[in-house]
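Numbering (my numbering), first residue to last: 1441 to 1791.
Where is the CB? At the ideal position from N, CA and C, for every residue including glycine.
Just so we're clear, the structure is a prediction, and the values are computed from it rather than from any experiment.
So, in structure tokens, the structure goes:
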């Protein structure tokens, strides 16, 4: 799966380097990536992808997946044209940091095996960035990573096992690795020793069928908040009519429920929901059968599901929406202007 992982600063410096297999990936792949990324202002210009509106930045010269030569295999005389001397380099940009994952062309590294699912690797890189935001605060930028090097490396140790994603749920990770606190840093500075961030007890979720939820959760007030955020992408004609449209949405939740709550979320018209992706807590077979979202929520904030609105087939227009919720009409006016003092010039301008 993932052979090596690199995290680069906004200037191309390697902040984190972790190899998960016996083969060490040369930093040459980072140089190749950065030479391409330096050509793109959109990539290292501080673009953040934390928000839902733009989960993947626009790469002008660096695609999310690129093939790079494997210097280690090339040095051993492997023919690069056969694919044995190349690596797939996956990249995402979050808070100015470039997260890179170097993977062999085939799972297991042997010819004839299946290729690595690219969306799996990209989604996992975003999960690493989300975990850093959870532990180090928002934004999890270069200074945050440099201040928490030991925690960052320990998180990668728990999240990846021999190149395969293992523990990614925040509740399980916080049980394994204590988030850094100001008090722990003060105690470390006073005592002069290293404060332990590892938990001595095994998380209860790792031995249950619900690894996303802790055992024995109690809250004085039992409540859950649901936020539905939808985004409309549309092309509008000069007269205000909708030519094409697409609606995508995300359902975020903030749960503060005691015990093991079993919840059910229903829709007024489930036929409009399409292309769904769910949190692992959702019972997918129940949704396929009854078109309802049945789940036992994690404790705290989490993303319940993403979806797209199905095209409207009633009017055969293939539109997700037939009218926009807001409408902006541009106005252009022309007028004569005159130059400043000493200029004497004039002309026509447009506002």
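>> Can you find the residues in the same chain that come closer than 6 Å, C-beta to C-beta, to residue 1579, ignoring five residues on each side of it along the sequence?
In response: Position 139 of the chain shown, counting from 1, holds the residue named residue 1579. Once the five neighbours on either side are set aside, the close Cβ partners of residue 1579 are 1535.
>> Here's a check: name, in chain order, each residue in its chain whose Cβ is nearer than 6 Å to the Cβ of residue 1705, leaving out the five neighbours to either side.
In response: Within the chain shown, numbered from 1, the residue matching residue 1705 stands at position 265. For residue 1705, where only same-chain residues beyond five positions count, the Cβ hits under 6 Å are 1733.
> Roughly how many angstroms lie between the CA atoms of residue 1583 and residue 1662, to the nearest whole one?
Replying inline: Here residue 1583 corresponds to residue number 143 of the chain shown, with the count starting at 1. Here residue 1662 corresponds to residue number 222 of the chain shown, with the count starting at 1. Computed Cα separation, rounded: 37 Å.
>> With three or more C-beta pairs closer than 8 Å as the rule, is the region 1764-1775 touching the region 1710-1729?
In response: no
> Who are residue 1748's beta bridge partners in DSSP?
Replying inline: As a working mapping, residue 1748 is identified with position 308 in the chain shown. For residue 1748, which the question treats as bridged, DSSP gives the partners 1688 and 1714.
> Under the three-state reduction of DSSP, which class applies to residue 1529: helix, strand or coil?
Replying inline: Residue numbering aside, residue 1529 sits at position 89 when the chain shown is read from its first letter. Reduced to three states, the DSSP call for residue 1529 is strand.
> Can you pull the DSSP bridge partners for residue 1459?
Replying inline: Position 19 of the chain shown, counting from 1, holds the residue named residue 1459. DSSP, once it has assigned bridges, lists 1444 as partnering residue 1459.
>> Can you give me the C-alpha to C-alpha distance between residue 1527 and residue 1594, rounded to a whole angstrom?
In response: Numbered from its first residue, the chain shown carries residue 1527 at position 87. Numbered from its first residue, the chain shown carries residue 1594 at position 154. Their Cα atoms are separated by approximately 26 Å.
>> On the criterion of 16 or more Cβ atoms from any shown chain inside 10 Å, does residue 1572 qualify as buried, or is it exposed?
In response: To locate residue 1572, count along the chain shown from 1; it is residue 132. Residue 1572 is buried by the Cβ-count criterion.
> At which residues does the alpha helix (DSSP H) containing residue 1568 begin and terminate?
Replying inline: By 1-based counting over the chain shown, the position of residue 1568 is 128. 1558-1576 is the span of the alpha helix (DSSP H), which, as asked, contains residue 1568.
> Of the residues 1686, 1585, 1443 and 1470, which one's Cα is nearest the Cα of residue 1605?
Replying inline: Against the chain shown, residue 1605 aligns to sequence position 165. If we check each option's Cα against that of residue 1605, 1443 comes out closest.
> Where do the N-terminal and C-terminal ends of the alpha helix (DSSP H) with residue 1613 fall, by residue?
Replying inline: Here residue 1613 corresponds to residue number 173 of the chain shown, with the count starting at 1. Looking at the DSSP string, the run of the alpha helix (DSSP H) that includes residue 1613 is 1610-1616.
>> Using a Cβ-Cβ cutoff of less than 7 Å, which residues in the same chain neighbour residue 1724 once the five nearest sequence positions on both sides are dropped?
In response: The count along the chain shown starts at 1 and reaches residue 1724 at position 284. Contacts found: 1718.
> Of all Cβ atoms in chain B, is any one closer than 9 Å to the Cβ of residue 1748?
Replying inline: Looking at the structure shown, chain B is missing, and only one protein chain is on hand.
> Based on Cα-Cα distance, which residue from 1614, 1603, 1540 and 1506 lies nearest to residue 1651?
Replying inline: By 1-based counting over the chain shown, the position of residue 1651 is 211. Of the listed residues, the one whose Cα sits closest to residue 1651 is 1614.
>> Mapping the DSSP letters down to three states, classify residue 1766 as helix, strand or coil.
In response: On the chain shown, residue 1766 is found 326 positions in, with the first residue counted as 1. Coil.
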